[in-house]
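Protein chains in written order, with the working numbering: chain C, 9 to 334; chain W, 9 to 334.
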């Protein structure tokens, strides 16, 4: 167990993931309220909005208004998602509030690439190549590679470790040829194929090939394996995780209506704390924000912890009922 | 990983756990339908009903009618829950259909004992002593000890390994003094305090003290740690688990309304199968029964897998789209 990280870094994606998929409509004010609430929990990285085509993702038609409205708390890094040059321009307009960095996101599954991005892996690499030039012209650093469908694909079945490594390698080669130095790699379970074994195998292979890269796990709990897979990652020393408060979100392109998506941030924080791993997050405050998220969307969200509450209150009862020294 | 069991035995408790807590009313016919459905999945142990006071648990006022109505499938062991002598008599009336065995169930938390059983641990041991005599007079063997609140308690906080072992030891001593030979020990997470670490610690301590006892884990997913804790158990070679289809149930005495209970049988089966561990269960059939359970109770149940579906259909797509030899 000596590989356990001392501290885990939670990369909160609830606002961006959640409001993209919720049938809504959810008011701009409520979106801002959730982001501001998260800023008070000790989480220091929040993906806030998605600068995408409003026709494709109506839930993010008000991305600009949300960024303009949210309060920037000290010590918190706010990011946004974007894919196209138009999206990049919209993000750059908020460089005072948003931490704008470039990422090379590829898919380990050809089929998922076609469905999610509407292009083959080869076509997508060409698009990325042009994107890197664009980013460079705006002095936006490219530090991260992301591999979607890294654990399996609802449209093409199992994804082998070799396939995921190959997809990552293509993105790494592209970065190298453009003179960019990648620091982080996100292994993303876009459609709920993670298991503890697959997590161990893929993290191990990535570490072996790129020992200097910092691994970020983006796990989905779609089939109930998310927390167990996160635990497998923790045991290997993985110290950065994407997650969403209350388990907000899900992948609109995964082909399963109503399926749950990302692991819930508060469940991951509880797991870390019970293992003696720091997160810097106030779990009770985070559970309160999870409950707020459920009220905002108006239907039950996947996290079970938000209903049960953490251990602290129960431990307080125990302390209070201990005999006191006179 | 050499400790992994070759085969895992699922002890399905969905009907008994679920219909005890559901606000209902659920018809006797529907209860029978669920049990009969489970009998077709390959699961070979089903806890069907609870012979308890109908005033305390109105959901089981029709326990007799359910047992009378259910079809007994070959190779499947059907059990029932009961606490009092009156309950035992009711179970014995169905000895042709039910596998009636005695268990010594104790609580590792004094407070939970008082709330759940309405007596202190010492008072409860006296009740158990009389129960053993009664069982003996009916030639009912006592083969199992169960420890409730073995991982923690919502009313008294953390439960140490030593406390859980002490409670088990009291029950073991009682059995020994009555000349009964205990074979199984159930470690029950009645209120959702399990974590992978606590599971490892407790299973390890029980194994050390009673190397010949067969360990059964009864884990709750109330705070999202159920599957991860089951995985920790599997890694230690635990090969028997209580679980409930669709995650039916929850503990009516845990003090948290709406909190989820047992781990979902189908999620445990998927985990085992992906680890190469046999269960004898047809996962797709079990997911269909989970969906039936959700229809019967009329509201969403905690299992996420029942919404997402397993991997088989996705793998079939992959097979079909592979190029065929001409």
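Don't be surprised by glycine CBs; every beta carbon is placed ideally from N, CA and C.
Predicted model, so just to flag it, every value in this text is computed and none were measured.
May I have the straight-line CA-CA distance separating residue i from residue j, to the nearest angstrom?
i: residue 256/C; j: residue 28/C; result: 10 Å
i: residue 333/C; j: residue 118/W; result: Here residue 333/C scores only 44 on pLDDT, less than 50, and its place in the model should not be relied on; the value that follows carries that caveat. If I take the Cα positions, the gap works out to 22 Å.
i: residue 189/W; j: residue 275/W; result: 33 Å
i: residue 202/W; j: residue 68/C; result: 39 Å
i: residue 207/W; j: residue 48/W; result: 31 Å
i: residue 112/C; j: residue 210/C; result: 19 Å
i: residue 140/W; j: residue 316/C; result: 36 Å
i: residue 24/C; j: residue 71/C; result: 9 Å
i: residue 21/C; j: residue 250/C; result: 7 Å
i: residue 94/C; j: residue 135/C; result: 14 Å
i: residue 215/W; j: residue 170/W; result: 13 Å
i: residue 318/W; j: residue 278/W; result: 7 Å
i: residue 163/W; j: residue 326/C; result: 7 Å
i: residue 282/W; j: residue 291/W; result: 11 Å
i: residue 125/C; j: residue 132/C; result: 8 Å
i: residue 320/W; j: residue 293/W; result: 12 Å
i: residue 82/W; j: residue 13/W; result: 25 Å
i: residue 64/W; j: residue 194/C; result: 52 Å
i: residue 313/W; j: residue 88/W; result: 27 Å
i: residue 154/W; j: residue 32/W; result: 29 Å
i: residue 270/C; j: residue 228/C; result: 4 Å
i: residue 247/W; j: residue 17/W; result: 6 Å
Would you say residue i lies against chain W (beta-carbon separation less than 8 Å)?
i: residue 22/C; result: no
i: residue 308/C; result: yes
i: residue 185/C; result: no
i: residue 41/C; result: no
i: residue 156/C; result: no
i: residue 12/C; result: no
i: residue 296/C; result: no
i: residue 275/C; result: yes
i: residue 282/C; result: yes
i: residue 138/C; result: no
Can you round the beta-carbon distance between residue i and residue j to whole angstroms, since I take them to be within the 8 Å contact cut?
i: residue 289/W; j: residue 34/W; result: Contact doesn't hold; Cβ gap of about 24 Å is too wide.
i: residue 200/W; j: residue 231/W; result: 5 Å
i: residue 105/C; j: residue 74/C; result: Not a contact, Cβ separation roughly 11 Å.
i: residue 323/C; j: residue 205/W; result: The Cβ separation is near 16 Å, so there is no contact.
i: residue 116/C; j: residue 183/C; result: Rounded, the Cβ-Cβ distance is 17 Å, inconsistent with contact.
i: residue 120/C; j: residue 198/C; result: 7 Å
Quick one: does residue i have its CB under 8 Å from some CB of chain C?
i: residue 84/W; result: no
i: residue 162/W; result: yes
i: residue 300/W; result: no
i: residue 332/W; result: In this prediction, residue 332/W has a pLDDT of 43, which is less than 50 and means its spatial position is unreliable; what the coordinates show is noted afterwards. No, no contact with chain C.
i: residue 78/W; result: no
i: residue 30/W; result: no
List, in order along the chain, the chain C residues whose C-beta lies closer than 9 Å to that of residue i?
i: residue 166/W; result: 319, 322, 323 and 326
Mind pulling the chain W residues with CB within less than 7 Å of residue i?
i: residue 204/C; result: 239
i: residue 313/C; result: 231 and 232
i: residue 174/C; result: In chain order: nothing, as chain W lies at least about 17 Å away.
Considering only DSSP beta bridges, list what residue i is partnered with.
i: residue 252/W; result: 272/W
i: residue 225/W; result: 195/W and 249/W
i: residue 156/W; result: 115/W
i: residue 58/W; result: 89/W
i: residue 134/C; result: DSSP, once it has assigned bridges, lists no residue as partnering residue 134/C.
i: residue 150/C; result: 110/C
i: residue 161/C; result: 165/C
i: residue 53/C; result: 85/C
i: residue 17/W; result: 248/W
i: residue 286/W; result: 15/W
Quick one: which chain C residues come within Cβ less than 7 Å of residue i?
i: residue 233/W; result: 235 and 279
i: residue 200/W; result: 316
i: residue 272/W; result: 232
Residues of chain W with CB closer than 8 Å to the CB of residue i, please, in chain order.
i: residue 268/C; result: 312, 315 and 316
When every heavy atom of the ligand SAH is checked, does at least one fall within less than 7 Å of the C-beta of residue i?
i: residue 34/C; result: Looking for the ligand SAH in the displayed structure turns up nothing, as the structure carries no ligands at all.
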